[in-house]
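Quick notes on the structure that follows.
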Amino acid sequence: MHLGRTTLSKFLIQQLDGIEGARELGALLVDVAAAVKAISAMTAKGALAGLLGKVDSQNVHGEVQAKLDVIANDVLIRSNEWGGLVAGMASEELDDPYPVPPEYPRGRFLLIFDPLDGSSNADVNVSVGTIFSVLRHDRTDAPATADFLQPGSAQVAAGYAIYGPSTMLVLTIGKGTHGFTLDHEIGNFILTHPAMTIPADTSEFAINTSNARFWEAPVHRYVTECQAGRTGERGRDFNMRWIASMVAEVHRILIRGGVFMYPKDTKDPSKPGRLRLMYEASPISFLIEQAGGRSTTGRERLLAVTPTSLHQRVPVILGSANEVARIERYHAEHAAGHDAEFVSPLFNERSLFRPEARS
Ligand code: AFP
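Below, the structure is given as structure tokens:
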């Protein structure tokens, strides 16, 4: 691989060798890359193209949509519906799966995406991203919703684009995690970060600490130890980040290590977490594991979770393997009742912070 010279297409031709449906999968990833280039051009224009701000509609989650959410979704649909590579698509922005229109041939892959993750950051010019996942659909008939409900371990490819100071595409087809930088002058993604590897240890964590009173005991135990730094259990100081754009946090972790947590909390007992399984947690977890990291709900490997609904949420704890393993151990010790000496009584079951205790 020649750094700075290998294009995405050349890389895929070499990497896809031996993978079932290689030609079609490669063509699909090139079509996704084309959509990402278009989205990159739009996010770069921002206010100049009147693309900031919200639209009147809401998505399936009752969230008011950003203009860029809706446009990025449309770009991904239009780029991938006609090529005969997908049997259907699903999106954070669509209540139900999108069937390939009858005038186009159907393919053997399912494409699932969050068209613009972190879109609430677009108006304040902070990095945002597109996250995508590819599953197989080994039948010729149109897929039903149930056909999408496959565990993350069934993914054949996954990736994200990050629209930051540079636009990058980071993807895996199960042979490592690799990063490409968009050369706007020639309109090509160039391999710049081959075989990205997450350091097993880290001293940097990312979590929205405004939710601290809602955390479960193992997460509170871990974060409290990080905050105690060299004066406490860990014997070293930690740094914290929170960009509120998952793709940006994940990219940082792939480059220099770290832990990202959006754990289960009691803020809204109807939601087991904020992040969605199928088009955020599963594709990102595939990339993390392919880069030597770990990704868990706290209680089980995230790629092992079988979806029960298209838009279901899941707790997410991912990043440097040794730190994530520690957090998993804290969850296991709590479940076994072995962590009483570490956890503040405020965070036991009879907690002052029980949701109903909130004023
Ligand atoms: P938006 O796409 O609504 O901006 O949400 C982004 C996100 O899903 C994820 O990218 C962030 O890590 C997380 O939400 C931020 O959540 P908080 O706003 O609660 O910190």
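The opening position of the sequence shown corresponds to residue 822 in this note's numbering, with each subsequent residue numbered one higher. Even for Gly, the Cβ is constructed at its ideal location relative to N, Cα and C.
Could I get the ranges of all uninterrupted beta strand (DSSP E) runs contained in the segment 917–982, with 3 residues as the minimum, in chain order? If you keep only unbroken beta strand (DSSP E) runs of at least 3 residues inside the segment 917–982, you get 930–938, 949–957.
Can you tell me whether DSSP reads Arg-826 as helix, strand or coil? Coil, per DSSP.
Hey, would you say Leu-1003 sits closer than 8 Å to Ser-987, going by beta carbons? Cβ atoms of Leu-1003 and Ser-987: closer than 8 Å.
For Ala-978 and Val-949, believed in contact at Cβ under 8 Å, the rounded distance: Taking a contact as a CB-CB distance under 8 Å, the pair Val-949 and Ala-978 does not count as one, their CB atoms being some 21 Å apart.
Environment of His-1041 [buried if 16+ CB atoms lie within 10 Å]: Residue environment for His-1041: buried (at least 16 other C-beta atoms within 10 angstroms of its C-beta).
Taking 8 Å as the threshold (C-beta atoms), are Phe-1001 and Glu-1025 in contact? The answer is no: Cβ separation not under 8 Å.
Three-state secondary structure (DSSP) at Leu-869? In the structure shown, Leu-869 sits in a helix (DSSP, three-state: H, G or I).
Distance, Arg-957 Cα to Pro-1128 Cα: Rounded to whole angstroms, Pro-1128 to Arg-957 spans 15 Å at the Cα level.
Can Gly-1079 and Pro-1136 be called in contact, C-beta distance under 8 Å? No, they are not a contact pair.
Beta strand (DSSP E) containing Gln-886: first to last residue? For Gln-886, the enclosing beta strand (DSSP E) stretches over residues 885–887.
Straight-line gap, Ala-1102 to Glu-1070 (C-alpha atoms, nearest Å): Straight-line Cα distance between these residues: approximately 13 Å.
Taking 7 Å as the cut-off, is the beta-carbon of Asp-1089 closer than that to any non-hydrogen atom of the ligand AFP? For the ligand AFP, not one heavy atom lies less than 7 Å from the Cβ of Asp-1089.
Beta carbon of Leu-1096: closer than 7 Å to some heavy atom of the ligand AFP? At least one heavy atom of the ligand AFP is nearer than 7 Å to the Cβ of Leu-1096, so yes.
Which value, in whole angstroms, describes the spacing of the CA atoms of Asp-962 and Gly-842? When rounded, the distance between both Cα atoms is 18 Å.
So, does the segment 872–888 touch the segment 937–953, judging by three or more C-beta pairs under 8 Å? Under the Cβ criterion (8 Å, minimum of three pairs), the segment 872–888 counts as touching the segment 937–953.
Suppose the cutoff is 8 Å on Cβ atoms and the five residues either side in sequence are ignored; what does the same chain contact list for Asp-838 look like? The beta carbon of Asp-838 sits closer than 8 Å to none of the beta carbons in its chain outside the five residues before and after it.
Can you give the Cα-Cα distance for Ala-1178 and Asn-1032, rounded to whole angstroms? Residue confidence is low: Ala-1178 scores 42 on pLDDT, short of 50, so the model does not pin down where it sits. No coordinate-derived value is stated.
How many angstroms separate the CA atom of Gly-973 from the CA atom of Thr-1030? Each residue's Cα considered, the two are about 28 Å apart.
C-alpha distance - Arg-1062 paired with Ile-1028, whole-angstrom precision: Arg-1062 and Ile-1028 have their C-alpha atoms some 7 Å from each other.
Whole alpha helix (DSSP H) runs in the segment 1095–1163 with 4 or more residues, listed along the chain? Annotation: the segment 1095–1163 contains the following complete segments of the alpha helix (DSSP H) (minimum length 4 residues), in chain order: 1103–1111, 1142–1156.
What is the DSSP secondary structure of Ser-1172, counted as helix, strand or coil? Reliability of the predicted coordinates at Ser-1172 is poor, the pLDDT of 47 falling under 50, and the value obtained from them is presented with this limitation in mind. For Ser-1172, the secondary structure class from DSSP, reduced to helix, strand or coil, is coil.
Short check: CB of Pro-1039 to CB of His-1152, under 8 Å? Note that the C-beta distance between Pro-1039 and His-1152 is below 8 Å.
Under DSSP, the alpha helix (DSSP H) around His-1072 begins and ends at which residues? 1067–1077 is the span of the alpha helix (DSSP H), which, as asked, contains His-1072.
Short check: CB of Ile-860 to CB of Gly-847, under 8 Å? The Cβ-Cβ distance between Ile-860 and Gly-847 does not fall below 8 Å.
Buried versus exposed call for Lys-1085 [16 or more other C-beta atoms within 10 Å across all chains shown]: Lys-1085 comes out buried.
Whose C-beta lies closer than 6 Å to the C-beta of Ala-856 among residues of the same chain, with five residues either side of it excluded? Spatial neighbours of Ala-856 in its own chain (CB-CB distance under 6 Å, excluding positions within 5 residues in sequence) are listed in chain order as Val-896, Leu-897, Ser-900.
For Gly-980, count neighbouring C-beta atoms within 10 Å of its own C-beta (all shown protein chains included) and say buried if the count is 16 or more, exposed if not. Counting Cβ neighbours within 10 Å, Gly-980 comes out buried, since at least 16 surround it.
Alpha carbon to alpha carbon, what distance is there between Glu-1149 and Thr-1045? Near 16 Å, if we compare the C-alpha coordinates of Glu-1149 and Thr-1045.
Identify every residue that forms a DSSP beta bridge with Phe-1010. Leu-1003, per the DSSP bridge assignment.
Helix or strand or just coil, what does DSSP make of Met-1061? Judged by DSSP in its simplified three-state form, Met-1061 adopts strand.
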